[in-house]
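S.K.: Residue numbers (our numbering), protein chains in the order written: chain A, 1286 to 1398; chain B, 12 to 390.
Glycine is no exception: its CB is placed at the ideal position from the N, C-alpha and C atoms.
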Amino acid sequence: MSQDPDIMESFSILDVIKIKLNDLLIQGIENIGIRSNSELLDLKNKLGEMNFTTLSELLGSFLEKIKGLSQKPIPLNLKKEISIEVLRIIAVTRMFERIMNIESVKKTLQEVE
Amino acid sequence: MSIQLETVAVQVKDYVESLAFNGLNLASEDNIKKIEFFLQNASRLEAFRLATSLRYLHIELKRFLKNRTAFNIERYVFFLSNCWLLSRAFVSQEKLKEEKPNIFENLMGTQLDPEIKSKLILKVVGTEKVHLEGTIIGFVFYFLSLFGKTRGKILKWNLMLPYKSGLTAEALLNLDLPNTDPSKPVETILLNYIEADNIPYVEKDNIIFLERNKESKIYVDEESGEDTQVSISKLDKFYYNSKEIYQKISKDHEVTPFDLPASFLDYIYVKEVNIVDIDKEGEEREQAPVYNFSLTHKEDYPLVIRIPDKTGNFKLIQEFKKLKGKRIIDGVFCKLILDNGQLTLYPLGIVHNNEITYPNLTKSTQSNRELLKSVYKIK
């Protein structure tokens, strides 16, 4: 089924976020957070350009917080705050995905009529 | 009860946050034990949705620790996120209960509380095979109801048992159909109408339980095997044009962070189906690959059959591969699913030349009744 390129791009950026989050949740935020900093920053900027403002801001907030991971030992409250950011990003990504899903199918059906 | 729920919620929330920070590579058997403890408490407090999410989190975590191929990261993240969202809501549950009681009830979930249907007349129109590696095997039977208040609805019956080495789901078709006298094997329901009396039924999910009630009586109408035209014509109720599909999607419920990325929309009967192409996606992304079968059909809106490449779907995939470019099928009865911006189908039954067949069933050549009785200690 051919799909609108803008919609395809939106789905693919949501996929990229999900893949990054999956990596974080398997390998641990401490292990992967700082290492993938520049990739995540690019992703944040791309999301901003594509008007995924909420997600871009959440990712920005996550990036700010993981700067603190250089402290040793890592303060417990910082660990918690970073985890909360990640879990928020997961929830919001899911909602965007669902909305995109519905709107994309509606658009296809309108084009058929 | 309220203080305890808050306590459990705080424990689960802290636990999920710590699991998210440390990652799965640091997970151990201790994590499994903790989830079991939370699960017991959530069930005791009747926080059913939280208990369900914890149960699935438990399954995925166990699979990861045992290095099972069935581990699915997407599913793990989904249930981890659900546990976090629910526990977060319950941390301040007093406020939520007072200000938004409906949302609170919804988040708590309800236990299935069946009513008894005095009489049902049913015809199977679809089957779905379930094979959860090392855990459960069985079927979901999709019945078209032909009588009473449920007439025209699709009612589901789950026949599932713990997985036993060497047994396939098809073997369960040789089990005795519950509450029949004289006993009949389950497979007789694939061909014939059944009349079922005093059957527990949950309206919310359209689930029936043929096995639960000792007062139930099930009669298989063995004369009805030839008479499938009536039930096939009733499938027209599930035939939709693009406008009707659009209306269904538009009146769909509100979006919540608990929604699955792929969501069930309705059952659909698709006519004049021609499989034109097949591709397989997802292998490169360390997730279960999926077969996409492109098709044409009687209406002009795009549909694609999408079948995950997993053990339970092996026969289904084979059947649709065989159909590519061969012939136009009169109709396919399916689940209609919104997935990744597409209308996708999961086939449950094929209608051709006035016959319904079930493409995921492998024909069993021998009777496994005695084996089944001993393995499952069934009388």
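Got a sec, what are the start and stop residues for the alpha helix (DSSP H) residue 1291/A sits in?
M.R.: From DSSP, the alpha helix (DSSP H) with residue 1291/A extends over 1290–1312.
S.K.: Put residue 140/B into one of helix, strand or coil per three-state DSSP.
M.R.: Three-state result, residue 140/B: strand.
S.K.: With 16 as the cutoff for other CB atoms within 10 Å, does residue 1295/A come out buried or exposed?
M.R.: Residue 1295/A should be labelled buried.
S.K.: To the nearest angstrom, how far is it from the Cα of residue 222/B to the Cα of residue 233/B?
M.R.: In a straight line, the C-alpha of residue 222/B is about 20 Å away from that of residue 233/B.
S.K.: Output the residue ranges of the alpha helix (DSSP H) runs that lie fully inside the region 206–246 of chain B and measure 4 residues or longer, sorted by chain position.
M.R.: Complete alpha helix (DSSP H) runs here, min 4: 240–245.
S.K.: How is residue 363/B classed by DSSP in three states: helix, strand or coil?
M.R.: Looking at residue 363/B - three-state DSSP - the assignment turns out to be strand.
S.K.: Could you list which residues in chain C have their beta carbon closer than 7 Å to that of residue 254/B, in chain order?
M.R.: Absent from the structure: chain C. Protein chains present are A and B.
S.K.: To which residues does DSSP link residue 345/B through a beta bridge?
M.R.: Answer by DSSP bridge pairing, in chain order: 279/B and 358/B.
S.K.: By the criterion of Cβ-Cβ separation under 8 Å, what are the contact partners of residue 1380/A in chain B?
M.R.: Ordered by position in chain B, the residues that pass the 8 Å Cβ test against residue 1380/A are 266, 267, 268 and 270.
S.K.: Under a CB-based cut-off of 8 Å, is residue 1350/A close to chain B?
M.R.: With 8 Å as the cut-off, residue 1350/A does not count as an interface residue toward chain B.
S.K.: Between residue 1394/A and chain B, is the shortest Cβ-Cβ distance under 8 Å, so that the two count as touching?
M.R.: With 8 Å as the cut-off, residue 1394/A counts as an interface residue toward chain B.
S.K.: Could you tell me which of 138/B, 27/B and 96/B sits nearest to residue 361/B, measuring between CA atoms?
M.R.: Cα-wise, what sits closest to residue 361/B is 138/B.
S.K.: With a threshold of 8 Å between beta-carbons, can residue 1306/A be considered close to chain B, or not?
M.R.: Answer yes: the Cβ-Cβ gap between residue 1306/A and chain B drops below 8 Å somewhere.
S.K.: Check distances from the C-beta atoms of the region 28–40 of chain B to those of chain A and list, in chain order, the residues that come in under 9 Å.
M.R.: Against chain A - using a Cβ distance shorter than 9 Å - the residues of the region 28–40 of chain B are 28, 29, 30, 31, 32, 33, 34, 35, 36 and 37.
S.K.: I'd like to confirm the pairing. Which residues does DSSP put opposite residue 302/B in its beta bridges?
M.R.: BP columns for residue 302/B point to 291/B and 318/B.
S.K.: Which chain A residues are close to residue 351/B, counting only those with a beta carbon under 8 Å from its beta carbon?
M.R.: Under the 8 Å cutoff, chain A gives 1296 and 1386.
S.K.: DSSP state of residue 157/B, grouped into three classes?
M.R.: Residue 157/B: coil per DSSP, three-state reduction.
S.K.: On the DSSP letters alone, give me the boundaries of the beta strand (DSSP E) that residue 170/B sits inside.
M.R.: Run containing residue 170/B: 165–173, per the beta strand (DSSP E) assignment.
S.K.: How about residue 167/B and residue 217/B: are their beta carbons less than 8 Å apart?
M.R.: Yes, the pair counts as a contact, with Cβ atoms nearer than the cut-off.
S.K.: My assumption, with CB atoms under 8 Å, is that residue 1307/A sits in contact with residue 84/B. Please give the rounded CB distance.
M.R.: About 5 Å; that satisfies the 8 Å criterion.
S.K.: List the residues of chain B whose Cβ lies closer than 7 Å to the Cβ of residue 1389/A, in chain order.
M.R.: Neighbours of residue 1389/A on chain B, chain order: 352.
S.K.: Helix, strand or coil: which one does DSSP assign to residue 48/B?
M.R.: Note: residue 48/B maps to helix in three-state DSSP.
S.K.: DSSP on residue 391/B, reduced to helix/strand/coil?
M.R.: As displayed, chain B neither begins before 12 nor continues past 390, which places residue 391/B out of reach and without an answer.
S.K.: Can you check whether the C-beta of residue 260/B is within less than 8 Å of a C-beta belonging to chain A?
M.R.: At least one chain A Cβ lies under 8 Å of residue 260/B.
S.K.: Measuring alpha carbon to alpha carbon, tell me which of 282/B, 55/B and 374/B ends up nearest residue 365/B.
M.R.: Of 282/B, 55/B and 374/B, the residue nearest in Cα terms is 282/B.
S.K.: Under a Cβ-count criterion, where at least 16 other Cβ atoms within 10 Å of its own Cβ denotes burial, should residue 134/B be classed as buried or exposed?
M.R.: Label assigned to residue 134/B: buried.
S.K.: If we define contact as Cβ-Cβ less than 8 Å, is residue 1325/A a contact residue for chain B?
M.R.: It does not; no Cβ of chain B falls within 8 Å.
S.K.: Going straight from the alpha carbon of residue 334/B to that of residue 156/B, what length do you get?
M.R.: One C-alpha to the other measures close to 29 Å.
S.K.: In the region 77–103 of chain B, which residues sit with their C-beta less than 9 Å from some C-beta in chain A, listed in chain order?
M.R.: Within the region 77–103 of chain B, the residues whose Cβ lies closer than 9 Å to some Cβ of chain A are 84, 85, 87, 88, 89, 91, 92, 95, 96 and 99, listed in chain order.
S.K.: The alpha helix (DSSP H) spanning residue 78/B covers which residue range?
M.R.: Segment: none, residue 78/B is in no alpha helix (DSSP H) and carries neither H nor E.
S.K.: Please name the residue, chosen from 98/B, 89/B, 113/B and 102/B, that lies closest to residue 1376/A on a Cα-to-Cα basis.
M.R.: Ranking 98/B, 89/B, 113/B and 102/B by Cα distance to residue 1376/A puts 89/B first.
S.K.: Does the region 31–45 of chain B come into contact with the region 62–79 of chain B, if we say contact requires no fewer than three beta-carbon pairs (one atom in each stretch) closer than 8 Å?
M.R.: Output reads yes: the region 62–79 of chain B touches the region 31–45 of chain B.
S.K.: Give the C-beta separation of residue 127/B and residue 189/B to the nearest angstrom, bearing in mind that I take them to be a contact with Cβ-Cβ under 8 Å.
M.R.: The Cβ separation is near 15 Å, so there is no contact.
S.K.: Beta-carbon within less than 8 Å of residue 16/B's beta-carbon, same chain only, minus the 5 sequence neighbours each way: which residues are those?
M.R.: Counting only Cβ-Cβ distances below 8 Å, and skipping sequence neighbours, we find 56, 58, 101 and 104.
S.K.: Given that a residue counts as buried once 16 or more other Cβ atoms are within 10 Å of its Cβ, and exposed if not, what is residue 162/B?
M.R.: With fewer than 16 other Cβ atoms within 10 Å, it is exposed.
S.K.: Give, in chain order, every residue of the region 138–171 of chain B whose Cβ lies closer than 9 Å to some Cβ of chain A.
M.R.: Correct list: empty, as no residue qualifies.
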